[in-house]
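A.B. asks: Just dropping this structure here.
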Amino acid sequence: MVQQNNKEQQESSLLIWEKIVSIFSIPSQNEILNYKQQSQNNIENNLKPLFNNVRLYKLESLVLDWYFESIKKYFKSTLSNEFWKFFNNVNLAELDSSKTSGRELKFINHQFALSISLLHKVFSYFKFNLFLFYELLFKNESYNFNFLIKKLQDLLITNIMHTTNQQTKYFNTILFMFFERDFISFTKSFYHSKKQILNKEEKNDGKDFKLKVQQEYSDGEIEEEEEKEEEEEEEEVSKSYIMMEMSFEDSITDINIKEDSFMDLCKKLQDLNFIVISEEIFTQILFKKVFEYIETRCKGVFEKRFLKSILEWADQVIFKWLGMILLSSTKNNNNNLFDEDEDENSLKIFNQWKTRLEFSIYENYSQQRISELFDMIVQYPDSLPSFEDLSICFQKIPIEKTMITNLKRVLHNRLLHPGANTSDIITQYISTIHAMSIIDPSGMVMDKVGKPIREYLSQREDTIRCIISSFTDETNEIYQELCDYDPQDDDYLNSFMQNGASGGDLYVDEGDNFSNDDFKIWNPNKIDGSGSGSGSGNSNGGNNNNNIKKKDTISHLVNIYDSIDLFINEYRSMLSDRLLSVVDFDLDKEIKNVELLKLRFGDTILFNCEIMIKDMADSKRLNTQIKNSNNELKEFETLILSQLFWPTLKGDEFKYPKSIQEKMNLYSKEYERIKTPRQLIWKQHLGLVDLDLEIGSGNIQSFQVSPIHATLIMLFETNNDNDDDEDDEKELTLEYLSNQLGISKELARKKLIFWLNNQIIRETSHETYQIINKEKEEKKQKQQQIENPDQDIDESSSDDEDNMVVVEEEEEEKSTSAKEKEEQMRVVESFIIGMLINFKTLPLERIHSMLTMFNSEVYTSSIQELKAFLCNLTNEEKIEMVGNDYKIKK
Amino acid sequence: MKVTIKSLWNTVSAWHWDVNEECCGICRMAFDGCCVDCKIPGDDCPPVWGVCNHAFHMHCILKWLNANELQQCPMCRSEWRFKSDEK
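The listed protein sequences correspond, in order, to chains A and B. With my numbering applied, the first sequence covers 1 to 890. With my numbering applied, the second sequence covers 891 to 977.
What follows is the structure, encoded as structure tokens:
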């Protein structure tokens with residue numbers, strides 16, 4: 001009974017199976033294409049009982065599997081071929097959106113649309129059938145229809161587009177080209193409609209409104225030939241962008257017509273699940289467009305803010321377009337039977353993509369800016385707006401690292417090389433500080449970026465000088481900062497002073513106050529630096545809540561060196577140079593400077609400078625006092641220094657001219673009388689002499705020279721008051737000169753160079769010098785000319801040189817620190833010489849180790865410094881180098 | 891050739907206390923500078939001599955004399971008397 005029942009069952013199930021197969025076997029292409037939905041009647045009458053039977057015999061899954069299998073076969077064997085037939089005439093292998101002509105593009109796009117509609121028709125046929133299956137077989141089970149559709153979509157994609165790698169590639173290219181072209185025409189139509197709106201409004205409301213609208217769509221997104229506003233660059237940018245668009249031949253009306261068919265196509269693609277699958281392609285297109293847009297608009301233009309308008313543009317163009325494609329189903333699918341959560345799903349995808357694209361806008365923009373950072377910094381503060389934009393990006397996305405590495409690299413390549421002026425480097429450094437404080441108020445980026453600059457600057461010898469002169473230059477912004485500085489404002493420097501100043505005991509009091517209160521309210525810096533406002537970095541430092549201690553420019557500059565002392569020493573020596581070598585310096589200005597620096601760096605450290613200035617005032621008072629008491633000293637003035645407070649003033653001693661020496665003695669006596677028990681020590685090499693040289697008659701030249709030069713030239717003076725033309729100029733030998741001055745021959749020769757360069761004296765024969773008397777020579781020449789008139793005389797050259805005054809040659813331009821180093825080495829010189837005498841020859845390393853062993857108090861130099869010093873000694877011919885060893889020069 | 895010096899011959903000099911020692915025996919600061927309590931050198935912080943010919947900053951020796959009942963020179967322990975009156 002059971003067996004027979006079984007057999008019956010088998011037979012009937014076989015019957016059902018055959019029926020199903022006959023109904024659902026894959027029809028021919030034409031049938032599919034012309035397929036009409038089966039009438040409800042047919043379904044009710046024929047299919048329903050059949051499927052009921054299927055359910056009865058539990059054949060559901062079997063039927064479904066069979067159906068999918070047959071669909072797969074059909075896709076693979078038939079439909080795939082049909083699909084690719086559309087592109088038979090296209091050379092797919094060489095497809096490239098940038099090279100293909102417009103016509104070809106049009107053709108491909110056309111074929112693409114046709115092929116997609118074919119696929120879609122086939123797809124909907126199967127979809128409907130599957131829906132039948134679902135309705136009649138699985139309705140009451142926990143079977144998801146979407147799952148079936150998904151399976152169908154997957155089958156389609158894997159069997160048609162993605163059968164081989166090559167096909168995948170081709171399909172992606174076609175898709176890419178299609179959407180890129182569409183995007184371009186969309187943006188164009190977008191601009192076009194904007195323009196039309198604008199024109200209309202212009203007609204209606206006149207010009208005022210037009211301006212208003214323009215402001216609304218700010219920054220020239222509206223392309224307008226008739227735009228008369230000055231913003232030329234802006235126009236250029238927008239024009240170039242338009243040009244780029246125009247290069248694709250596609251008329252605007254074309255697009256308007258196409259719109260509907262395009263929407264239809266999008267919907268089809270959406271149904272086929274192609275859009276989600278080819279996300280990569282969209283991302284590619286849009287990223288490319290975003291990148292192009294940003295590049296054309298922003299490249300090289302720093303004095304405008306762009307970020308907001310770019311985002312607006314993205315909102316109006318990119319997202320609109322994307323919405324059109326992704327959300328196409330939502331618009332007209334209200335009556336759709338199948339998908340309830342489809343809308344929600346595509347909205348979700350749309351939002352995902354939107355955020356991603358927004359992110360990529362920030363990324364692209366910051367990339368663009370980062371690649372131009374150096375130029376932006378050069379143009380600071382004109383480039384302020386772009387830095388503000390970048391600071392917004394900085395808060396949104398992690399660009400710190402790229403920014404730091406990029407900036408470091410570009411600074412290294414373009415700034416930190418021997419070709420750049422120190423002052424330029426410092427200016428750039430300052431701009432960098434300002435700019436980075438806009439981007440990152442916490443100063444973290446600056447710390448990292450600034451490090452190589454600081455290191456590089458600290459190796460340059462004239463850095464301190466440049467910085468100090470910027471401290472005292474009234475036109476410099478640093479000077480302004482110094483003036484604006486309020487000591488209440490910032491306790492950073494106090495802490496710096498504690499670490500930096502060597503005279504530690506002077507700061508104990510400040511230090512106590514500082515450490516007691518501060519550690520309790522300590523808050524670590526937020527890494528992203530979002531704690532303080534995004535805008536200008538002038539945050540209120542007095543506020544305790546603001547945990548970011550703003551390092552200002554000056555502290556950045558001072559930070560180049562380990563200690564503040566270096567700066568102050570350099571400032572001191574520059575001050576002393578100015579006070580000693582400039583006759584009419586502005587003492588009030590110097591006082592102001594010192595006061596400003598005191599405010600900034602503390603009183604104690606600038607104490608010496610104060611004394612120096614006080615010395616100036618004191619000597620002035622004393623000079624008047626002495627002048628009044630002694631008539632003979634009317635024409636004599638001296639600066640009396642408090643020696644210990646000035647930098648070491650070294651120079652060569654020599655004999656003054658008698659008249660001056662007498663006055664000096666007189667002055668000393670007068671001083672000792674007034675200020676017992678104090679004495680005066682003359683600094684003979686210092687001072688300034690204004691003198692006129694009268695050579696011959698009426699030819700007067702003025703010079704401002706040091707005393708030794710003055711004394712030297714005075715030796716050439718002829719005592720003959722008759723001004724006799726016949727009287728020849730003195731001829732003096734070097735030996736005579738050096739004896740008269742009480743200096744060595746070498747020094748005398750060195751000092752003579754000044755007068756030789758200025759063409760006042762000449763070397764007539766070896767080590768013999770004479771004043772050049774042009775007047776007389778011309779006379780002589782004239783006489784000669786009379787005697788032999790044929791002779792050519794080159795007069796022009798001598799005339800040219802008449803007015804040339806060669807500036808006194810500077811003593812080697814070494815910064816004081818370098819000089820101090822050498823001073824220090826000089827101390828150990830005798831020790832080195834002694835060592836070499838005892839040991840005959842010694843290698844560098846031995847000398848170094850012996851010096852460190854025995855002279856550790858004085859000798860703190862590195863082996864390189866020692867080597868440099870020994871090299872100096874070799875040059876001075878005190879020692880010589882044999883192989884690797886040094887020995888005394890014989 | 892004639893050399894005329896216009897306006898002034900500007901010279902530079904440094905003042906110096908006429909003391910044999912470099913620095914004060916009490917504070918070890920240079921006489922040309924000033925004692926530890928002073929900031930401005932010169933007339934404000936002069937050296938003084940005792941009859942024993944030892945010199946100190948005026949401020950330093952006064953401090954010393956105030957702190958010690960024995961009015962002795964800190965160097966030679968002889969009785970301290972200012973020399974300046976005799977000069």
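Positions of the beta carbon are idealized from the N, C-alpha and C atoms, including for glycine.
Could you check the C-alpha separation between A:GLU876 and A:LEU747 for me, to the nearest Å?
C.D. replies: Distance between the alpha carbons of A:GLU876 and A:LEU747: 15 Å.
A.B. asks: Assess contact between the region 907-926 of chain B and the region 703-720 of chain A, defined as three or more Cβ pairs (one per stretch) separated by less than 8 Å. Is contact present?
C.D. replies: Judged by Cβ distances under 8 Å, the region 907-926 of chain B makes no contact with the region 703-720 of chain A, as fewer than three pairs qualify.
A.B. asks: Run the CB neighbour count on B:ALA957, radius 10 Å, all protein chains shown included, and call it buried at 16 or more, exposed below.
C.D. replies: B:ALA957 should be labelled exposed.
A.B. asks: So is A:THR764 in contact with chain B if we call contact Cβ pairs under 8 Å?
C.D. replies: For A:THR764, the answer is no, since every Cβ of chain B falls outside 8 Å of its Cβ.
A.B. asks: For B:ASP934, which option in B:HIS944, B:VAL941, B:GLY923 has the closest C-alpha, if you only look at C-alpha atoms?
C.D. replies: Here the closest residue by C-alpha is B:GLY923.
A.B. asks: Count the other CB atoms, across all protein chains shown, that sit within 10 Å of the CB of A:ILE837; report buried if there are 16 or more and exposed otherwise.
C.D. replies: A:ILE837 should be labelled exposed.
A.B. asks: Report all residues from its chain with a CB closer than 7 Å to the CB of A:ILE116; omit the five preceding and five following residues, and keep chain order.
C.D. replies: Excluding positions up to five away in sequence, the list reads LEU265, LYS268, LEU269.
A.B. asks: Under 8 Å between the Cβ atoms of A:LEU693 and A:GLN704?
C.D. replies: No, the pair does not count as a contact, with Cβ atoms beyond the cut-off.
A.B. asks: Name the chain B residues that come within less than 9 Å of A:TRP682, Cβ to Cβ?
C.D. replies: Correct list: THR901, VAL902, SER903, ALA904.
A.B. asks: Assuming contact is defined by CB atoms lying nearer than 8 Å, are A:ILE426 and A:CYS393 in contact in what I supplied?
C.D. replies: Cβ distance not < 8 Å, so A:ILE426 and A:CYS393 don't count as in contact.
A.B. asks: In terms of DSSP beta bridges, what is B:PRO937 paired with?
C.D. replies: Answer is B:HIS947, bridged to B:PRO937.
A.B. asks: Do the region 597-606 of chain A and the region 623-630 of chain A meet, that is, are 3 or more Cβ pairs less than 8 Å apart?
C.D. replies: Contact between the region 597-606 of chain A and the region 623-630 of chain A is absent, because fewer than three Cβ pairs lie under 8 Å.
A.B. asks: Going by alpha carbons, who is nearest to B:VAL941 out of B:THR901, B:MET891, B:ARG971?
C.D. replies: Selected option, being the one with the closest Cα: B:ARG971.
A.B. asks: Would you kindly work out how many angstroms separate the C-alpha atoms of A:ASN855 and A:GLU865, rounded to a whole number?
C.D. replies: Cα-Cα distance, rounded: 15 Å.
A.B. asks: Just to confirm before moving on: does the CB-CB distance between A:PHE754 and A:THR711 stay below 8 Å?
C.D. replies: Going by C-beta atoms, A:PHE754 is not nearer than 8 Å to A:THR711.
A.B. asks: For the region 594-617 of chain A, enumerate the residues whose C-beta is nearer than 8 Å to any C-beta of chain B, in chain order.
C.D. replies: Listed by position, the residues of the region 594-617 of chain A near chain B (Cβ gap below 8 Å) are PHE607, ILE611, LYS614.
A.B. asks: Would you report the Cα separation of A:HIS434 and A:PRO707, rounded to the nearest angstrom?
C.D. replies: Rounded to the nearest angstrom, the two C-alpha atoms are 47 Å apart.
A.B. asks: Looking at the structure shown, is A:TYR859 part of a helix, part of a strand, or coil, going by DSSP?
C.D. replies: In this structure, A:TYR859 counts as coil in the three-state DSSP scheme.
A.B. asks: Given a cut-off of 8 Å, decide if A:ILE695 and A:ASN757 are closer than it, judged by their beta-carbon atoms.
C.D. replies: Taking 8 Å as the Cβ cut-off, A:ASN757 and A:ILE695 do not qualify as a contacting pair.
A.B. asks: For the beta strand (DSSP E) that A:HIS685 lies in, which residues bound it at each end?
C.D. replies: From DSSP, the beta strand (DSSP E) with A:HIS685 extends over 678-695.
A.B. asks: Mapping DSSP to helix, strand and coil, what is A:TRP646?
C.D. replies: Reduced to three states, the DSSP call for A:TRP646 is coil.
A.B. asks: Which whole-angstrom value describes the C-beta separation of A:PHE374 and A:VAL410, a residue pair presumed to lie in contact below a C-beta threshold of 8 Å?
C.D. replies: Their Cβ separation, rounded to whole angstroms, is 5 Å, which keeps A:PHE374 and A:VAL410 in contact under 8 Å.
A.B. asks: In angstroms with no decimal places, state the Cα-to-Cα distance between A:GLU823 and A:GLU880.
C.D. replies: Distance between the alpha carbons of A:GLU823 and A:GLU880 is about 21 Å.
A.B. asks: For the beta strand (DSSP E) containing A:PRO843, list its first residue and its last residue.
C.D. replies: Element bounds for A:PRO843: 841-843.
A.B. asks: Need the endpoints of the beta strand (DSSP E) that A:PHE703 sits in, please.
C.D. replies: Residues 699-705.
A.B. asks: To which residues does DSSP link B:ASN900 through a beta bridge?
C.D. replies: For B:ASN900, which the question treats as bridged, DSSP gives the partners A:GLU637, A:LEU688.
A.B. asks: Any idea if A:GLN900 is buried or exposed, counting beta-carbon neighbours within 10 angstroms, 16 or more meaning buried?
C.D. replies: A query on residue 900 of chain A cannot be resolved here, the shown segment of chain A reaching from 1 to 890 and no further.
A.B. asks: Using the DSSP secondary-structure output, state which residues sit across from B:ARG967 in a beta bridge.
C.D. replies: The partner list for B:ARG967 (beta bridge, DSSP) is empty, contrary to what the question assumes.
A.B. asks: Would A:SER515 count as contacting chain B if we go by Cβ distances under 8 Å?
C.D. replies: Low local confidence applies: a pLDDT of 44 at A:SER515 is under 50, so the model's placement there is unreliable, with the coordinate-based value given in what follows. Judged by the 8 Å Cβ criterion, A:SER515 is not in contact with chain B.
A.B. asks: Report buried or exposed for A:MET853, applying the criterion of at least 16 other Cβ atoms within 10 angstroms of its Cβ.
C.D. replies: A:MET853 comes out exposed.
A.B. asks: Would you kindly work out how many angstroms separate the C-alpha atoms of A:CYS298 and A:GLU477, rounded to a whole number?
C.D. replies: Cα to Cα, A:CYS298 sits roughly 29 Å from A:GLU477.
A.B. asks: Would you tell me roughly how many angstroms separate the C-alpha atoms of A:ILE660 and A:LYS669, rounded to the nearest one?
C.D. replies: If I take the Cα positions, the gap works out to 14 Å.
A.B. asks: Under 7 Å Cβ-Cβ, which residues of chain C neighbour B:ILE916?
C.D. replies: The structure shown has no chain C; the protein chains it does contain are A and B.
A.B. asks: Quick one: grab the DSSP three-state call for A:ASP652.
C.D. replies: Residue state, collapsed to three classes: coil.
A.B. asks: Would DSSP call B:ALA883 helix, strand or coil?
C.D. replies: Here chain B comprises residues numbered 891 to 977, so residue 883 of chain B is not present and cannot be evaluated.
A.B. asks: Assess contact between the region 452-468 of chain A and the region 562-574 of chain A, defined as three or more Cβ pairs (one per stretch) separated by less than 8 Å. Is contact present?
C.D. replies: Result yes; three or more Cβ-Cβ pairs closer than 8 Å.
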